[in-house]
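Here the structure comes first, spelled out in structure tokens, and everything after it is commentary.
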Amino acid sequence: MERKLAAILAADVVGYSSLMEMDEAGTFQRLRAGYRELLEPEIQNHNGRVFKLMGDGLLAEFGSVVDAVECAAALQRGMAQRNAGASEFTDLEIRIGINLGEVIVEGEDRYGEGVNIAARLQGLAEPGGICVSGKVSKEVAGKLAFAFEPMGDQQVKNIAEPIACYRVNFDRGTPERAERGSPNGTLRKISIAVLPFSNMSGDPEQEYFSDGITEDIITDLSKISNLHVVARNTTFTYKGRAVKIPQVAQELGVAFVLEGSVRKAGARVRVTGQLVDGRDGSHLWAERYDRELTDIFAIQDEIAHAIIEQLKVRLLPDEKTAISATPTEDVEAYTYYLRGRQFLYMCSKSYMLLARRMFVKASEIDPGYARAYAGIALCDSVLHSWRYADISIEGILATSAKALELDPDLADAHASRGLALQYGGQREQAVAEFELALGLDPDLHEANYFYARFFFEQGDFERAAELFERATQVRFDDYRSAALLACVYLKLGRPVDMERAARLGLERAERELHLHPENSSPAQLGTLVLAYLGERDRAKEWAARTLAIDPDDLNAMYNIACAYLHMGEHEAALDLLDQVIPRASVHRFWWTSDPDLDSIRDHPRYKRLVDKTVAAPNQALGQSLAGSSTRSDRLLDSDPGHRPL
């Protein structure tokens, strides 16, 4: 049996089945033209050879891993150019995975784990993106003008050990120490990554504070046009890890790295910061700030200006103003807001109510704090949707309007408003707000997540998948989007993608449950993905744990019912739905679209339950219209459905 070392490139078309369903002949012709005019010539130009065609995909072999990565970048750029004049219904996007490994040679074909891993990496890539193994990233280090952004270790089907995966940013160059003239005469941005500041307070509960400071420094530096700042979602993958700065700089494709620590004790705070040269790990600047807690904003401002001074960055007048501006001048309000964000991400009813209290307290301390009002509106939308609090849509819209009055360009406020409009039945206006939020901040988790849910309700699972994918990337601890993404891929008939998303969701849910065993949210979503993966025994254990933590929670009962359906236990699922559906009739639009319920659509017991529940609100609505009900009462009964946060 002959074996050899080779770089394997795997590529396939995104959403091929849906494209064929809409336009079989046209899709086939576009795919054939793309292969003939772009894929095959580029692969040959980069000294590669296609050894297998699979309808909507291909496998190619390269003797050089550098050739393979350069070819992948050329293919993606070529596809983008071909799609430039196409509509969203006619363009073709591809995913690419590249692995370096040993393959079995059999005639013109290639087999073995080296090929299998490339195929799995392709499934992990974003539409229009490239995913490579750690072996590939290491081999091409310093040889290509591409950045390799870590995706962490990924467990994939039929591969025993997790694979170190990297996302290729083929539009970003290798680290530069200072601005240099590019061939077209423009200045190249100086690149920097801000690693999560370590919490040195000796209290894990203070983690929210050090994370908040890190995020604010990233935000401030991102306002400078001559700096390229690596996104939070990428740098936070290094949180809690012992790292070597030159290695991090190489992996992220940056020239400089900022690291630091925060120690908060009573009314005092100590913040340290170090700016490190990514090439050799030498310190260019270091400072320690021992101040009153009320000086925290001044400390952040001083760190940002120290970085600017060290890197010799020229600030524009509006950039100086933007960096000096702070969302609030009150450190107590700021601390309550950060606490609220922490609780908001934990998702369950009790934590959502706690998050709301934190945001309300922040707004009471500083009535001009726009972000606090946006947080209240977001919490209220979720609490309203599951009847966890008696809150009207008008009240939520008024709160979000207050946030936008204070800061018209606050993406959080537009996302909160979009959610309220969606639940109020004003779907077109909701779309406009979600789009505006993403336009202002494409990396805003809430905008991506809730807009994805909007498309889920619409039955547009392809669009929902794109946004859920982005949401999982924006927050490294987001298990909710991963679980819903697995559901979407299951519906779309994409088993490899489904397993990838489910494994990611399970890993994140396990981590969250370990940190907060009292929180039922990761337990219920973990149950669901375990059911998707066919791990029945573990799914049942997690289901029991969920219902023990929150026996009366509607979210928990609904998700466990969905898990039971995937395990074939329909009666047990219906027993739970009997409790959920009559108490949450506003969710009927979600039930209509949710693929988890497809197996019981025609079940007599389910049909009777839904018919009875839908009829009851309609009767109540007619009575309220004839009586003295308020607008908000009517909106409660027309509220679209919603999968638990």
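Plus 452 on top of the position in the sequence shown (first one is 1) and you've got the working numbering. Note that the Cβ used here is the ideal one computed from N, Cα and C, for glycine as well. The structure displayed is predicted, hence computed values, not measured ones.
By the neighbour-count definition (other C-beta atoms within 10 Å, threshold 16), Q574 is a buried residue.
Assignment of E887 by DSSP, reduced to helix, strand and coil, places it in the helix class.
Three or more Cβ pairs closer than 8 Å define a contact, and the stretch 706-724 meets that threshold against the stretch 740-749. By the Cβ criterion, the stretch 453-461 is in contact with the stretch 540-557, since at least three pairs of Cβ atoms, one from each stretch, lie closer than 8 Å. Assignment of H680 by DSSP, reduced to helix, strand and coil, places it in the strand class. About 17 Å separates the beta carbon of T787 from that of Y825, a gap too long to meet the 8 Å contact definition. When only Cα atoms are considered, L982 and I751 end up about 45 Å apart.
Linking I817 to R793 through their CA atoms gives a straight-line distance of about 17 Å. Looking at the DSSP output, I843 sits in no beta bridge, so it has no partner there. E781 carries a coil assignment under DSSP once its states are collapsed to helix, strand and coil. A Cβ-Cβ contact shorter than 8 Å links F600 with S589. A direct Cα-Cα distance of roughly 13 Å separates E667 from K691. If you check the CB distance, L937 and A953 come in under 8 Å. DSSP places N900 outside any beta strand (DSSP E); the residue lies instead in the alpha helix (DSSP H), whose first and last residues are 897-910.
A Cβ-Cβ separation of about 12 Å leaves G581 out of contact with R529 under the 8 Å criterion. Per DSSP, the continuous alpha helix (DSSP H) segment holding Y1010 begins and ends at 1006-1018. From the listed residues Y563, E761, V567, C799, the smallest Cα separation to S933 is found for C799. Taking 8 Å as the cut-off, the Cβ atoms of I759 and L710 count as close.
In the three-state reduction of the DSSP assignment, K696 falls in the coil class. About 28 Å separates the CB atoms of V714 and S677; that is not less than 8 Å, and the two are not in contact.
Across the set M950, Q702, A991, the C-alpha of M950 shows the shortest separation from the C-alpha of R572. A distance below 7 Å between beta-carbons, with the five flanking residues on each side excluded, links Y984 to the following residues of its chain, in chain order: A938, L942, M950, A954, H1018. By the Cβ criterion, the stretch 642-662 is not in contact with the stretch 605-616, since fewer than three pairs of Cβ atoms, one from each stretch, lie closer than 8 Å.
Per DSSP, F928 has no beta bridge partner at all. Shown here for P860: not one same chain residue has a beta carbon closer than 7 Å to its own, the five before and five after excluded.
G553 is bridged by DSSP to A458. Collapsing the DSSP output to three states places D475 in coil. Beyond the five residues adjoining it in sequence on each side, N499 comes within less than 7 Å, by CB distance, of F514, G515, S516, D519 in the same chain, given in chain order. In chain order, Q976, T979, A995, T998, L999, L1028 place their CB closer than 7 Å to the CB of I1012, counting only its own chain and leaving out the 5 sequence neighbours on each side. Taking C-beta atoms under 8 Å as the contact rule, I1001 and E970 qualify, at a distance of about 7 Å. Contact fails between the stretch 915-925 and the stretch 870-882, because fewer than three Cβ pairs, one in each stretch, are under 8 Å apart.
The C-beta of T773 has fewer than 16 other C-beta atoms within 10 Å across all chains shown, which makes the residue exposed. Spanning the alpha carbons of A904 and E887 requires a straight line of approximately 12 Å. With a contact defined as Cβ atoms closer than 8 Å, A855 and A822 qualify at about 5 Å. Along the length of the stretch 779-841, whole alpha helix (DSSP H) runs at least 4 residues long occupy 783-796, 801-817, 822-837, reported in chain order.
In its chain, beyond the 5 residues on either side, F795 have a beta carbon closer than 7 Å to the beta carbon of L806.
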